[in-house]
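Residue numbers (the numbering used here), protein chains in the order written: chain A, 12 to 309; chain B, 12 to 309.
Glycine residues also receive a C-beta, built at the ideal position from the N, C-alpha and C atoms.
Written below as structure tokens is the structure these notes are about.
2 protein chains.
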Amino acid sequence: MGSVAYDGIETPHGRADRILGGAATYIALAASYFVPVKIVAVVGDDFAPEDTELLAGKGIDLEGLERVPGKTFFWAGRYSADMNDRETLRTDLNVFADFQPKLPETYRSAPYLLLGNIQPALQHGVRAQMNGLRLAGGDTMNYWIRDYRAELLETLRDWDFLLINDSEARMLSGEYNLRRAAAKIQEMGPRTLVVKRGEYGAILFTNGCHFIAPGYLLEDVFDPTGAGDCFAGGFIGYLAGANARHGAVDQNDWRRAVIYGSVMGSFCCEQFGVDRFRKLTRDEVEKRYREFKACTDF
Amino acid sequence: MGSVAYDGIETPHGRADRILGGAATYIALAASYFVPVKIVAVVGDDFAPEDTELLAGKGIDLEGLERVPGKTFFWAGRYSADMNDRETLRTDLNVFADFQPKLPETYRSAPYLLLGNIQPALQHGVRAQMNGLRLAGGDTMNYWIRDYRAELLETLRDWDFLLINDSEARMLSGEYNLRRAAAKIQEMGPRTLVVKRGEYGAILFTNGCHFIAPGYLLEDVFDPTGAGDCFAGGFIGYLAGANARHGAVDQNDWRRAVIYGSVMGSFCCEQFGVDRFRKLTRDEVEKRYREFKACTDF
Numbered sequence: 012m013g014s015v016a017y018d019g020i021e022t023p024h025g026r027a028d029r030i031l032g033g034a035a036t037y038i039a040l041a042a043s044y045f046v047p048v049k050i051v052a053v054v055g056d057d058f059a060p061e062d063t064e065l066l067a068g069k070g071i072d073l074e075g076l077e078r079v080p081g082k083t084f085f086w087a088g089r090y091s092a093d094m095n096d097r098e099t100l101r102t103d104l105n106v107f108a109d110f111q112p113k114l115p116e117t118y119r120s121a122p123y124l125l126l127g128n129i130q131p132a133l134q135h136g137v138r139a140q141m142n143g144l145r146l147a148g149g150d151t152m153n154y155w156i157r158d159y160r161a162e163l164l165e166t167l168r169d170w171d172f173l174l175i176n177d178s179e180a181r182m183l184s185g186e187y188n189l190r191r192a193a194a195k196i197q198e199m200g201p202r203t204l205v206v207k208r209g210e211y212g213a214i215l216f217t218n219g220c221h222f223i224a225p226g227y228l229l230e231d232v233f234d235p236t237g238a239g240d241c242f243a244g245g246f247i248g249y250l251a252g253a254n255a256r257h258g259a260v261d262q263n264d265w266r267r268a269v270i271y272g273s274v275m276g277s278f279c280c281e282q283f284g285v286d287r288f289r290k291l292t293r294d295e296v297e298k299r300y301r302e303f304k305a306c307t308d309f
Numbered sequence: 012m013g014s015v016a017y018d019g020i021e022t023p024h025g026r027a028d029r030i031l032g033g034a035a036t037y038i039a040l041a042a043s044y045f046v047p048v049k050i051v052a053v054v055g056d057d058f059a060p061e062d063t064e065l066l067a068g069k070g071i072d073l074e075g076l077e078r079v080p081g082k083t084f085f086w087a088g089r090y091s092a093d094m095n096d097r098e099t100l101r102t103d104l105n106v107f108a109d110f111q112p113k114l115p116e117t118y119r120s121a122p123y124l125l126l127g128n129i130q131p132a133l134q135h136g137v138r139a140q141m142n143g144l145r146l147a148g149g150d151t152m153n154y155w156i157r158d159y160r161a162e163l164l165e166t167l168r169d170w171d172f173l174l175i176n177d178s179e180a181r182m183l184s185g186e187y188n189l190r191r192a193a194a195k196i197q198e199m200g201p202r203t204l205v206v207k208r209g210e211y212g213a214i215l216f217t218n219g220c221h222f223i224a225p226g227y228l229l230e231d232v233f234d235p236t237g238a239g240d241c242f243a244g245g246f247i248g249y250l251a252g253a254n255a256r257h258g259a260v261d262q263n264d265w266r267r268a269v270i271y272g273s274v275m276g277s278f279c280c281e282q283f284g285v286d287r288f289r290k291l292t293r294d295e296v297e298k299r300y301r302e303f304k305a306c307t308d309f
């Protein structure tokens with residue numbers, strides 16, 4: 012669940028005025044390499060048939076992709092020369108402004124839920140509509156942490172895991188040191204926390220210990236848009252698959268989920284927008300996972 | 012080889028007006044946990060007997076620690092609140108200004124050489140005095156890369172390995188992407204390159220492949236001064252030990268050397284100046300290495 016959007020993107024490598032984007036889009040695309048995916052989002056009547064086809068072509072269930080009169084959510088941003096910073100140039104919520112997600116009946120018993128970055132009350136409302144969850148969690152951002160804190164804390168209480176970046180973990184916990192920040196956040200609800208550190212990888216905190224994963228070292232970063240959401244998609248996708256295979260998620264599964272998350276995030280950066288997923292194969296995913304292993308083993 | 016100094020340090024955790032420091036000090040202390048060490052540096056006649064005793068107590072050979080009339084090199088700096096930046100408050104070269112390292116006869120046949128960050132011509136001169144090197148390398152910094160480029164390139168040509176941080180690797184190579192930066196630097200001479208990324212770990216480039224090591228996640232960072240030099244000391248110390256044990260250095264040795272470097276750097280940050288090394292035991296080093304393994308394995 013999250014946004015499906017059109018993005019305008021400028022990076023040092025080029026620009027695109029209006030391409031498919033949005034958290035739910037990236038999450039669903041990345042997760043679709045691991046398990047069947049159902050998407051919950053809203054688009055306007057300008058949403059292009061070829062974009063619907065891309066999602067449907069990955070086997071993504073679109074029953075929960077509401078289509079309403081008006082324009083699809085539009086975001087535009089420009090990246091700095093080193094691509095570590097980006098500036099938002101425009102945010103037109105359009106049909107997203109009145110989004111009140113209502114789950115199709117066939118969605119309610121799904122066992123795994125990934126809540127993309129969106130207003131905490133909406134995340135809460137979606138979770139409340141589900142009745143057989145084995146694993147639920149999601150993402151949030153500085154805006155909700157700062158201005159919707161009470162609502163966010165209420166929402167987090169029911170999550171099994173939270174994925175946020177390091178500066179957000181510090182903001183949410185009030186602790187600079189990440190080990191102490193993680194301990195505080197875990198007391199808020201999510202027993203598993205993944206702190207994302209961009210190109211430097213991620214740290215997983217779960218079951219009283221932590222796992223430090225470095226970032227995959229890309230030859231070229233073309234466009235980082237969506238990399239964090241692809242991380243989330245690979246993460247929940249792998250966990251769902253593992254849980255389905257052996258009925259539980261153990262320490263090794265959490266760790267591998269972080270690596271698969273990184274793998275999917277790394278592919279995302281290799282081309283503009285969602286382009287890398289048009290031709291990406293499951294074999295390439297496995298190959299990069301093994302490469303990750305080979306580059307970190309000692 | 013490098014500086015032995017007195018440091019004045021301010022961190023958010025406290026301050027020290029005049030404590031033992033200097034690259035060669037940290038390198039020698041860290042390496043002494045792995046192999047016998049000989050130090051090459053210069054101090055003034057103000058160098059305190061208890062500081063000599065600390066080094067001697069670790070079995071460090073002090074024949075090459077020249078003592079001349081005048082004051083020992085003094086550096087003072089202040090760290091930012093998050094300790095990711097530091098400002099130099101004072102640099103008094105003192106006796107270091109005229110340092111022309113001459114190796115004692117007993118040093119010349121040593122098989123391993125670590126050249127701390129110092130003027131490239133001096134590094135070159137020390138290397139030229141040695142006659143049985145199996146492995147030589149060292150550190151440099153932005154100042155030499157920018158203002159002494161020709162001299163530095165001449166010096167690097169003879170090194171087996173170079174340890175520098177990511178911004179310096181970018182400056183030296185003129186490439187932003189670290190994979191491309193590494194390829195260019197390896198063409199300058201050092202077939203092995205370690206790119207240090209502070210708290211985020213390090214990347215090793217050697218034999219046509221790379222190894223990405225995340226940083227150790229400290230509970231408290233008290234004072235980062237010397238952490239990079241302790242990395243270098245642990246790195247060369249482990250390599251020297253491995254080479255002595257099996258007559259060569261293979262891919263696994265290089266990788267483990269990076270981890271032992273990180274281990275020694277992490278201990279360094281736990282107390283002010285060199286204090287952590289007063290009581291650190293080899294068993295603690297091994298324990299942290301195993302912890303590193305446990306926190307990164309998947």
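- By the C-beta density criterion, A305(B) is exposed, having fewer than 16 other C-beta atoms within 10 angstroms.
- Counting C-beta atoms within 10 angstroms of its own C-beta, T166(B) has 16 or more neighbours from the protein chains shown and is therefore classed as buried.
- Contact annotation: in the region 225 to 252 of chain B, residues whose CB is within less than 9 Å of a CB in chain A are P225, G226, Y227, L228, L229, E230, D231 and V232.
- Chain order gives the chain A residues near H221(B) as L228 and C306, where near means a beta carbon separation below 9 Å.
- Leaving aside the five residues that flank A92(B) on each side, the residues in its chain whose CB is nearer than 8 Å to its CB run, in chain order, P23.
- Residue contact check for D177(B) against chain A: no CB pair falls below 8 Å.
- Rounded to the nearest angstrom, the Cβ distance from A224(B) to G212(B) is 5 Å, consistent with a contact under 8 Å.
- Contact between the region 19 to 33 of chain B and the region 71 to 86 of chain A is not established, with fewer than three Cβ pairs separated by less than 8 Å.
- Between the alpha carbons of T217(B) and V205(B) lies a gap of roughly 9 Å.
- In this structure, DSSP gives F283(B) a state outside helix and strand, which the three-state scheme calls coil.
- Judged by DSSP secondary structure, D62(B) falls within the alpha helix (DSSP H) whose first and last residues are P60 to G68.
- For Y17(A), the closest alpha carbon among the candidates G88(A), V48(A) and A139(A) is that of G88(A).
- Per the coordinates, the alpha-carbon of A67(B) lies some 10 Å from the alpha-carbon of K49(B).
- Taking a 10 Å sphere around the C-beta of R287(B), we find 16 or more other C-beta atoms and assign the residue as buried.
- Against chain B, the CB of L189(A) has a partner CB under 8 Å away; the residue lies at that interface.
- For D171(A), the closest alpha carbon among the candidates Q130(A), E198(A), S43(A) and S120(A) is that of E198(A).
- Apart from the 5 residues on each side of it in sequence, K207(B) sits with its Cβ closer than 8 Å to the Cβ of L174, I175, N176, D177, A213, G239 and F242 in its chain, given in chain order.
- Distances from the alpha-carbon of D234(B) to those of A253(B), G209(B) and G219(B) put G209(B) closest.
- Annotated three-state conformation of G136(B) is helix, per DSSP.
- At a cut-off of 8 Å between beta-carbon atoms, Y211(A) makes contact with chain B.
- Segment contact: the region 121 to 130 of chain B against the region 140 to 157 of chain B, three or more CB-CB distances shorter than 8 Å; contact assigned.
- For N254(B), the nearest beta carbon of chain A is not closer than 8 Å to its own beta carbon.
- Residue contact with chain B for R208(A): present (Cβ-Cβ distance below 8 Å to some residue of chain B).
- Relative to the Cα of R160(B), the nearest Cα in the group P131(B), L146(B) and N188(B) belongs to P131(B).
- Going by DSSP, R29(A) is part of no alpha helix (DSSP H) but of the beta strand (DSSP E) stretching over G25 to G32.
- Close partners of N105(A) in chain B (Cβ separation under 9 Å) are lacking, with about 36 Å as the shortest Cβ gap.
- Per the DSSP secondary-structure output, Y17(A) pairs in a beta bridge with L31(A) and F85(A).
- Cβ-Cβ distances below 8 Å link D169(B) to H135, R138, A147 and G200 in the same chain, with the five nearest sequence neighbours on each side left out; the list follows chain order.
- Our two residues, C279(A) and D96(A), have alpha carbons roughly 17 Å apart in a direct line.
- Straight across, the Cα-Cα distance linking L183(A) with I196(A) is about 7 Å.
- Just measuring C-alpha positions, the residue of F85(A), L65(A), F45(A) and I38(A) sitting nearest D57(A) is F85(A).
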